[in-house]
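First the structure, in the form of structure tokens, and then the observations on it.
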Amino acid sequence: MDVFGLLGNPVGHSLSPPMHEAAYDELGFDARYVTFEPAPDDLGAAIEGARALGIAGLNVTIPFKQDALAHVEPDDLAARIGAVNTVDFSGEVPRGYNTDAVGAVRALEHHDVPLSGTAVVVGAGGAGRAVAFGLADEGMTVEIANRTASKADALAEEVSGATGHGLDALGDLLAGADVLVNCTSVGMDEDATPVPADALHGDLAVLDAVYSPIETRLLADAAAAGATTVDGAWMLLYQGVEAFERWTGEDAPVDAMNEALRAGLC
Ligand code: NAP
């Protein structure tokens with residue numbers, strides 16, 4: 048039996064186990080996906096121990112994504128983002144990837160959103176970093192707006208062609224934008240949005256990384272403005288799909304994983 052797992056703290060409410068195990072069931076894989084909560088100082092030992100025990104692959108979540116970088120060989124994208132959420136043990140050394148970036152890209156592609164023109168990324172934390180690098184790598188011009196403008200400026204200096212702003216620039220930025228991604232935690236379990244409703248318009252595609260609730264205030268405002276909407280469960284789904292495909296080399300059964308994920312979110 049292959050064992051995959053998730054390192055984080057806390058991980059009790061993670062939807063990754065049902066999502067990945069739905070994929071194993073669908074494809075008839077003899078595999079399990081289990082969660083681990085190592086103490087913060089034990090992250091390196093946990094990754095090394097997982098390798099020694101023959102665990103096939105790990106996801107990594109809060110609070111370990113940044114620290115995991117020091118314990119794996121990251122690919123170029125994970126190194127630039129500065130965070131790892133997927134570890135593959137199939138080679139001589141543990142390899143680290145960041146599938147949040149690809150998760151956002153594939154979520155937008157799934158909804159036939161053209162990845163050209165200008166993307167406004169709201170937020171400059173972990174998700175904002177991943178999405179800004181991911182969309183810039185696709186060739187989009189990335190505008191980063193953050194409550195703390197200096198953090199947006201600092202991230203923009205690292206991302207090719209990007210510019211940093213405060214949230215007060217959102218009205219002007221969105222007027223000429225093609226894609227908007229909310230990467231702040233605003234809207235998580237609350238009826239709030241970081242984007243003024245009157246800045247949204249019908250030529251936008253709006254992805255909200257927040258997935259609880261699935262339909263956030265931002266997505267409701269975006270739908271009312273005639274925009275294409277993509278909820279955060281799609282990004283969560285595709286980061287898992289990408290991890291599954293890196294570990295197994297097989298196409299993931301996306302529909303089965305999506306069904307399991309959404310059953311857990313409702
Ligand atoms: P993080 O690193 O803590 O960053 C939080 C971001 O939110 C920062 O940009 C912060 O701005 C901003 N922010 C927080 N409170 C705010 C407020 N009241 N007004 C305006 N901005 C505010 O968190 P993260 O890891 O990037 O996660 C952000 C969200 O994305 C969370 O809801 C998380 O669940 C979600 N997420 C979803 C996926 C997915 O697959 N769907 C993946 C990753 C993350 P400052 O810099 O000014 O503090």
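In the numbering used here, the protein residues as written are 48 to 313.
In this text, a Cβ means the ideal position worked out from N, Cα and C, and glycines have one as well.
query	result
Chain-ordered list of residues that sit, by beta carbon, closer than 6 angstroms to a heavy atom of the ligand SAM	The ligand SAM is not among the ligands present in this structure, which contains only the ligand NAP.
Residue ranges of each beta strand (DSSP E) within the stretch 71–97, 3 or longer	78–83
Range covered by the beta strand (DSSP E) that runs through P190	The residue you asked about is not Pro; residue 190 is Glu in the sequence shown. Where E190 is concerned, the enclosing beta strand (DSSP E) stretches over 188–193.
Under 8 angstroms between C-beta atoms of A183 and A209	yes
6 angstroms CB neighbourhood of G175 in its chain, flanking five on each side removed	V168, C230
Cα-Cα separation, L116 to A177	14 angstroms
Local conformation of T108 per DSSP, three classes	coil
Complete runs of the alpha helix (DSSP H) confined to the stretch 223–301 [at least 4 residues]	264–271, 279–295
Assumed close pair L74, E297 - CB separation to whole angstroms, cut-off 8 angstroms	7 angstroms
Identified DSSP bridge partners for A196	BP columns for A196 are empty, so no partner.
Nearest-angstrom Cα separation, counted from Q286 out to V149	7 angstroms
Stretch-stretch touch, CB-based, cutoff 8 angstroms, three pairs: the stretch 51–66 with the stretch 102–116	yes
Own chain partners of T82 with C-beta closer than 7 angstroms, once the 5 adjacent residues on each side are dropped	G52, L53, V58, S61, P64
Beta-carbon spacing of P241, V253 below 8 angstroms	no
Three-state secondary structure (DSSP) of D49	strand
At least 3 beta-carbon pairs within less than 8 angstroms: the stretch 213–220 vs the stretch 183–196	yes
CB contact flag (D135, W294, <8 angstroms)	yes
Where the alpha helix (DSSP H) containing V152 begins and where it ends	146–157
Beta-carbon proximity list for A270, same chain, < 6 angstroms, skipping 5 on both sides	T276
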